[in-house]
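Novice: Just so we're aligned: the sequence shown equals residues -19 to -1, 1 to 119 in mature numbering (1 follows the signal peptide of the UniProt record, and there is no 0). Cβ coordinates follow ideal geometry from the N, Cα and C atoms, glycine included.
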Amino acid sequence: MKKTLFILILLLTTAPSFAQQGVTVNGNTISSREIAPVWIGCEGTEKEKKECFNQQLVAHMKQHYKFPKDASGNYIRGKAVVSFNINEEGKVDILKVEGPKQALNEEAKRIISLIPKMKPGERAGKPISVKYTTPFTF
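(1) Pull the bridge partners of R104 from the DSSP assignment, please.
(2) With a floor of 4 residues, list each alpha helix (DSSP H) that falls wholly inside the region 23 to 62, ordered by position along the chain.
(3) Consult DSSP for N86 and reduce its assignment to one of helix, strand or coil.
(4) When the Cα atoms are used, what is the spatial distance from I21 to I75?
(5) Here's a check: name, in chain order, each residue in its chain whose Cβ is nearer than 6 Å to the Cβ of S64, leaving out the five neighbours to either side.
(6) Hey, E88 and P49 are a contact pair by Cβ (cut 8 Å); roughly how many whole angstroms apart?
(7) How big is the Cα-Cα spacing for K28 and N66?
(8) In its own chain, which residues sit with a C-beta less than 8 Å from the C-beta of Y46, not counting the 5 before and 5 after it?
(9) With respect to the beta strand (DSSP E) encompassing I75, which residues constitute its N-terminal and C-terminal limits?
(10) Report the CB separation of K31 from A52 in whole angstroms; it is logged as a contact under 8 Å.
(11) I109 to I57, Cα distance in whole Å?
(12) Hey, how far is the Cα of G59 from the Cα of K82?
(13) Below 8 Å between beta carbons: does that hold for G71 and P101?
What follows is the structure, given as structure tokens:
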């Protein structure tokens, strides 16, 4: 049940919404679409790539997820929230980690920092940085 809730929260909070952005050129407005970052190996339509990104992120987190322990060997419980960018080079830049327990913050940061390089997001054919925020419950 906890993993299902974790995955549901993850999918709801990490999927950025991309809207049409207007760019003004000589008094005219030209619309350019934003395209989300693409995890290596994800193919298909933009919707399929976005779904694949979410699936790959969840799989990545499951693969690297470890419950931190205190000095007594007991599992540390709590939450941490990581804000990060997939930058113009397709690499992860961690912006902020928030949570009341340092060990949980460090573990959440470690998991996100292991995300592999991917194809960056784009606007008007140029790479852009895209921000994500992901909650962790330990």
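Specialist: On the basis of the data shown:
(1) Here the question's residue 104 lines up with position 123 in the sequence shown. According to DSSP, R104 bridges with E15 and K107.
(2) 27 to 45
(3) To locate residue 86, count along the sequence shown from 1; it is residue 105. In this structure, N86 counts as helix in the three-state DSSP scheme.
(4) Here the question's residue 21 lines up with position 40 in the sequence shown. Here the question's residue 75 lines up with position 94 in the sequence shown. For I21 and I75, the distance between alpha carbons rounds to 20 Å.
(5) The residue you call residue 64 lines up with position 83 of the sequence shown. Taken in chain order, the residues that qualify are L76, K77 and T114.
(6) For this step, residue 88 is matched to residue 107 along the sequence shown. For this step, residue 49 is matched to residue 68 along the sequence shown. That belief holds up - the Cβ atoms of E88 and P49 are roughly 5 Å apart, short of 8 Å.
(7) Position 47 of the sequence shown, counting from 1, holds the residue named residue 28. Position 85 of the sequence shown, counting from 1, holds the residue named residue 66. So the two alpha carbons sit approximately 20 Å from each other.
(8) By 1-based counting over the sequence shown, the position of residue 46 is 65. Cβ neighbours of Y46 beyond the five flanking positions: I92.
(9) The residue you call residue 75 lines up with position 94 of the sequence shown. From DSSP, the beta strand (DSSP E) with I75 extends over V73 to E79.
(10) For the purposes of this step, residue 31 is taken as the residue at position 50 of the sequence shown. For the purposes of this step, residue 52 is taken as the residue at position 71 of the sequence shown. Incorrect: roughly 42 Å between the Cβ atoms, too far for contact.
(11) Here residue 109 corresponds to residue number 128 of the sequence shown, with the count starting at 1. Here residue 57 corresponds to residue number 76 of the sequence shown, with the count starting at 1. Each residue's alpha carbon lies about 37 Å from the other.
(12) In the sequence shown, residue 59 corresponds to position 78, counting from 1. In the sequence shown, residue 82 corresponds to position 101, counting from 1. Looking at the two C-alpha atoms, the distance is approximately 7 Å.
(13) On the sequence shown, position 90 is the one that residue 71 refers to. On the sequence shown, position 120 is the one that residue 101 refers to. Cβ atoms of G71 and P101: closer than 8 Å.
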